[in-house]
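In this note's numbering, the protein residues as written are 248 to 542. The C-beta atom is built at its ideal place from N, Cα and C for all residues, glycine as well. Only a predicted model underlies this, so the values are computations on that prediction, with no experimental measurement involved.
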Ligand code: GLN
């Protein structure tokens, strides 16, 4: 089972140029090889990276010269905090590299996931990078960049609990025989697509929404919920850190991670897409992923 999960995780990689939100950006032809190793994108701003190269987005920023990113740093390895409370992980590194290309200073605001969604929608943040999945519901209220990674949602159960074997096409949980499980309490992180899918399938009474993944996992350990639906990256980290838990084989959903931008902020969205696609093509995004996800 671990092998399959590692494989899935290894596949959490660059997805090429598929658009998340339907705003197709023409493919950029960039044959320039990566100029700098992904380890230090912050120190290697691209020569000439300026608003001139990435369109006229300067007037679309909340604060001049700054790229304000919101995230929820409780989502390793995409975002977490180090001992000094700095936000680190895949998303901050990608955002830093985008900011460098755009000639901007990156400012990171670490707040709850649902608050981050609102902040970008209400124009209090320029971008949201938070392992955030594209969804049609969200697309009604915010704009999405092209995708930079594939997200897999999985089910965490208490070790040895074989009653839940996966999810079906209707997002209902099923047992090993494929029978739908009706009587179940599912823990999710508030505001996530996992919450959305589980509530759609089961109704709100069967879904316990917690502030973040770590609290959701605690609820599972305490027996308040029967399982937790969460993205595979944090799931693996939480299971490794908390003995007595395991991940059910297979994906509950497969999603695209994108950068979120305030609805209608086309200039910034296009600049972000151009920078992101350059980094996808020259391997920078993959290098950042490899650094955190590894073998
Ligand atoms: N990918 C999920 C979503 O977009 C969870 C993201 C998160 O918890 N940071 O809803």
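Practice task
May I ask you to list the residues that DSSP assigns as paired with residue 401?
Solution key: 477
Exercise for the section: Flag this pair as yes or no: are the beta carbons of residue 361 and residue 470 separated by less than 9 Å? Expected result: no
Handout entry: ligand 1 heavy atom lying under 8 Å from the CB of residue 389
Key = no
Exercise for the section: Apply the 10 Å Cβ neighbour rule to residue 223 and answer buried if 16 or more other Cβ atoms are within range, or exposed otherwise. Expected result: Residue numbering for the chain in the displayed model covers 248 to 542; residue 223 lies beyond these limits and cannot be assessed.
Practice task
Kindly list the residues whose CB is nearer than 8 Å to the CB of residue 328, restricted to its own chain and excluding five residues on each side of it in sequence; keep chain order.
Solution key: 320, 334, 335 and 357
Exercise for the section: Please confirm if the stretch 443-457 is in contact with the stretch 362-371, defined as three or more CB-CB distances below 8 Å between the two stretches. Expected result: no
Practice task
Taking residue 347 as part of the alpha helix (DSSP H), name the residues at either end of that continuous run.
Solution key: 337-349
Practice task
Using 8 Å as the cut-off, classify the Cβ of residue 362 as near or not near the heavy atoms of ligand 1, replying yes or no.
Solution key: no
Practice task
Please confirm whether any heavy atom of ligand 1 lies closer than 8 Å to the CB of residue 319.
Solution key: yes
Practice task
To the nearest angstrom, report how far apart residue 310 and residue 413 are at their CA atoms.
Solution key: 45 Å
Practice task
May I ask whether a heavy atom of ligand 1 can be found less than 8 Å away from the beta carbon of residue 456?
Solution key: no
Problem - ligand 1 heavy atom lying under 8 Å from the CB of residue 304 - result: no
Problem - Helix, strand or coil at residue 532 according to DSSP, with G and I counted as helix - result: helix
Handout entry: Closer than 8 Å: residue 438 CB and nearest ligand 1 heavy atom
Key = yes
Practice task
Compare the C-alpha of residue 502 against each of 491, 364 and 479 and name the closest.
Solution key: 479
Practice task
Would you check whether ligand 1 has a heavy atom nearer than 8 Å to the C-beta of residue 377?
Solution key: yes
Exercise for the section: Report yes if the CB atom of residue 386 is closer than 9 Å to the CB atom of residue 348, and no otherwise. Expected result: no
Handout entry: Through-space distance from residue 351 to residue 498, alpha-carbon basis
Key = 37 Å
Practice task
Just mark residue 332 as buried or exposed, buried being the case when its beta carbon has 16 or more other beta carbons within 10 Å.
Solution key: exposed
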